[in-house]
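So the sequences go chain by chain: U and X.
Start counting the first sequence at 2; every next residue gets the next number (the working numbering).
Start counting the second sequence at 306; every next residue gets the next number (the working numbering).
Each residue gets a CB set at the ideal place from its N, CA and C atoms; glycine is no exception.
Model, not experiment: these values are computed from the prediction.
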Amino acid sequence: MPGQHWRDICDAVTLAGRCGRGLRKFSIRADDEIVAVRPSSTRRSQQGFVFIVTAIALTILLALAALGIDIGRMYVIRAELQSFTDAAALSAAIQLDGTDSGIANARTGAGRLATGEHAMQWDLGTRPITEISTSFSADNKTWQEQPKGGDYRFVRVVATEPAPVIFLRVFQPLGLGSSTVAAASVAAKIENQARLIR
Amino acid sequence: MNRPRARAGTALIEFAVSLMLLSAVFVGVFQIGYAFFTYGTLVSAVRAGARYSSLQQRGAAADPEVAKAVRNLVVYGDPAPAEHAKPVVPGLATGNVEIVNGPDTSTVSLRGFEVDALFAKLKLDGRPTVTFPVTTGGSQ
């Protein structure tokens, strides 16, 4: 509103109770004309200070949220996979009978609980478990994926899934968008019973 | 004139806006964290129930007393809970536990349960699900 008489503005803004503040945006020349001026430099430097502090605090908070959310999610996924491998190892071990066909049945038995109507799932029970590896041992020390002819009574089931990460991507130089979570269980067939070893 | 007062007001408004943003973040992190924590607890509760059920004799698994024990184990962490036992997760009831006993498996899952994360609800229907095989006497 340059060119206006200052009293007009002052009267108008006084009614709104902001005369003092409003006037500081103008300077009044000797002939009572007003001209617009830019806000004082001190005022400008103070504006937005809280926002800057908030932005820094928010960055730190989001990094903490990374721990809370992404790692929390990974722990849930591991618990789900662990429940699955426990059951799958038992399901495989019960099939072991010291023959090659027993081992083939055990391999099928391990994957059986990941499919069908009552399939166990991961990521808060929303995604099917797909990466299941099975290995066998006769002495609970050396493990073989494809054993031939031998009395294999131990079976190990490992389930591996890529847990999606949202915030932890910052720490991944390749930006994979996921982090691998795995769970393993070992079961043995002892005296016609399947038992969890670990 | 009243410069300092005007400046203090600006900071207050900025603080108020920032507080809204920060509290939204806090609320979000709390909700998600609580939901994950609760879900983890439910997974281990359901797992215990399924394992318990799979270890019962097949004939006995149809027994209502066994089913009751399984439900109690899931909800209270004990097949025979004390009088005023607290559920492992607030609001969880024995009615939310579904048991399906097959010829050689036992499945336990939750039906129609909502995790109350204060600001939002997580609906759990059919999850978590855990199936355990029957592990005695070979594959007959």
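In this structure, V413/X sits away from V348/X, with a CB-CB distance that is not shorter than 8 Å. T436/X sits in a strand when the DSSP states are folded into three classes. The C-alpha of A80/U is placed about 20 Å away from the C-alpha of I404/X.
Contact annotation for V51/U against chain X: A316, E319, F320 and S323 [CB-CB distance below 7 Å, chain order]. In the DSSP assignment, R128/U forms a beta bridge with W123/U.
Per DSSP, the unbroken beta strand (DSSP E) holding D421/X starts and ends at F418 to D421. Within the segment 425-437 of chain X, the residues whose Cβ lies closer than 7 Å to any Cβ of chain U are, in chain order, R432, P433, T434, V435, T436 and F437.
From the beta-carbon of I70/U, the residues of chain X found nearer than 8 Å are V334, I337, G338 and F341. Under the 8 Å criterion on CB atoms, R352/X is classed as interfacial with respect to chain U.
When Cβ-Cβ separations below 8 Å define contact, V380/X makes no contact with chain U.
Scanning its chain for C-beta atoms nearer than 8 Å, with the 5 sequence neighbours on each side dropped, one finds around I130/U the residues L82, F85, A115, A120, M121, Q122, W123, A160 and E162, in chain order. Residue-level contact check: G126/U touches chain X, since one or more beta carbons of chain X fall below 8 Å from its beta carbon. Per the coordinates, the alpha-carbon of L68/U lies some 44 Å from the alpha-carbon of P369/X.
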